[in-house]
Amino acid sequence: MMRHRSPHSAPMIQPPPSESHPGADTGAIRAGADMSRLRDAPLLRAHTWWQSLPRQRGAAQGLTLPDRTEIDPLAIPDLLPHVVLWAVLHQPDGGLRYRCRLAGTGMVEVHGHEFTGQWMEEFHGAENARIQPEYDFVSRSGQPHYVERSLFWMNRDYRRYRRLLLPFGDASATHGGVAKILNVAHFLTA
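In terms of my numbering, the sequence shown has 15 at position 16, counting the first letter as 1, and numbering is strictly consecutive.
In structure tokens:
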């Protein structure tokens, strides 16, 4: 069951540029942490829901995050078709990898195939070098991230999308940092 509390801001931590993506525009990535740019009702709702969740402090990184067990599908049924849940895998060398644990039906329809179980680099292909640094930022900072992008790889009615990444911890994990990232997307027409 979901518990409510007053909204808290995630701590401001400046993570180092992604070592796995040295050409990443870290200024643009950090700008994505500015939640005042959120305008879309579904993304605002997702952010408000995430802020309302109780927080736990992660042991290793000192982040204060909602636990992954707080993701209650009954609390966000309208968002479920538009989400992707990524598991964050902390590598021994300090790198990060991401594996899709759940893809909403709307996301599967947009992409044209089921991608649950795929690694992020498999799913995004050549675009991964541009996209993964944003996930790395969320994983290292514990902050949400917002971006608007153009779609060049789809022949659809919509050409742009807005995406919000929401971090979740795992009280049972030994690393104490971000364990899951909930991606909520809103596709725009014309």
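Where is the CB? At the ideal position from N, CA and C, for every residue including glycine.
{"Query": "Any alpha helix (DSSP H) of 4 or more consecutive residues that is wholly inside the segment 95 to 181", "Result": "104 to 110, 119 to 123, 127 to 140"}
{"Query": "At least 3 beta-carbon pairs within less than 8 angstroms: the segment 80 to 94 vs the segment 102 to 120", "Result": "yes"}
{"Query": "Distance, HIS185 Cα to ALA178 Cα", "Result": "23 angstroms"}
{"Query": "Contacts around ASP77, its chain only, beta-carbon distance under 8 angstroms, and the 5 residues preceding and following it disregarded", "Result": "PRO41, ARG44"}
{"Query": "Residue interval of the alpha helix (DSSP H) (run including LEU79)", "Result": "Where LEU79 is concerned, there is no enclosing alpha helix (DSSP H), given that its DSSP letter is neither H nor E."}
{"Query": "Helix, strand or coil at GLN50 [DSSP, three-state]", "Result": "helix"}
{"Query": "Same chain only: Cβ atoms within 7 angstroms of VAL109, ignoring 5 sequence neighbours per side", "Result": "PHE186"}
{"Query": "Rounded straight-line distance, which links the Cα of ARG29 to that of HIS46", "Result": "17 angstroms"}
{"Query": "Span separating the alpha-carbon of ALA86 from that of PRO166", "Result": "10 angstroms"}
{"Query": "Contact set for THR115: own chain, Cβ-Cβ below 8 angstroms, skip 5 residues either direction", "Result": "CYS99, ARG100, LEU101, ALA102"}
{"Query": "DSSP-derived helix/strand/coil call for ALA86", "Result": "strand"}
{"Query": "Through-space distance from ASN182 to GLU113, alpha-carbon basis", "Result": "16 angstroms"}
{"Query": "Reference ILE130; option with closest CA among LEU95, GLU69, SER35", "Result": "LEU95"}
{"Query": "Neighbourhood of ARG159 by C-beta, 8 angstroms cutoff - its chain only, sequence neighbours within 5 removed", "Result": "GLU147, ARG148, SER149, LEU150, PHE186, LEU187"}
{"Query": "Outcome for LEU163 when other beta-carbon atoms lying within 10 angstroms are tallied against a minimum of 16", "Result": "buried"}
{"Query": "Which of helix, strand or coil DSSP assigns to LEU43", "Result": "helix"}
{"Query": "Pair within 8 angstroms by beta-carbon distance, ARG161 and ASP71", "Result": "no"}
{"Query": "Residues near TYR97 in its chain [Cβ-Cβ closer than 8 angstroms; skip 5 each side]", "Result": "TRP85, ALA86, VAL87, LEU88, TRP118, MET119, GLN131, TYR134, ILE180"}
{"Query": "Rounded separation between GLY55 and ASP169 - CA only", "Result": "Going by the sequence as given, residue 55 is Gln instead of Gly. Going by the C-alpha atoms only, they are around 9 angstroms apart."}
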